[in-house]
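Colleague:
Numbering (my numbering), first residue to last: 36 to 91.
(1) Of the residues 45, 39 and 44, which one's Cα is nearest the Cα of residue 117?
(2) With a 10 Å radius around its C-beta and 16 neighbouring C-beta atoms as the bar for buried, classify residue 71 as buried or exposed.
(3) For residue 71, name the three-state secondary structure that DSSP assigns.
(4) For the beta strand (DSSP E) holding residue 39, just list the boundary residues, first then last.
(5) What separation, rounded to the nearest whole angstrom, lies between the Cα atoms of residue 66 and residue 37?
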């Protein structure tokens, strides 16, 4: 389960993936986490030009 939402002026990203580190050996699972973290951080750490479009 993965979801995202706006909360007040902030952003919330949740994932139930990753109960064990081996889960992140799946490239798609790692990609979802990276994108979710970037979105939740309002992409303060990467220029907008480097953003990727969601796969969903």
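Cβ atoms here follow ideal geometry from the backbone N, Cα and C, with glycine treated the same way.
All values derive from a computational prediction rather than experimental measurement.
Modeller: So, to answer that:
(1) Residue 117 cannot be examined here, being either before or after the span of the chain that is shown, 36 to 91.
(2) buried
(3) helix
(4) 37 to 42
(5) 12 angstroms
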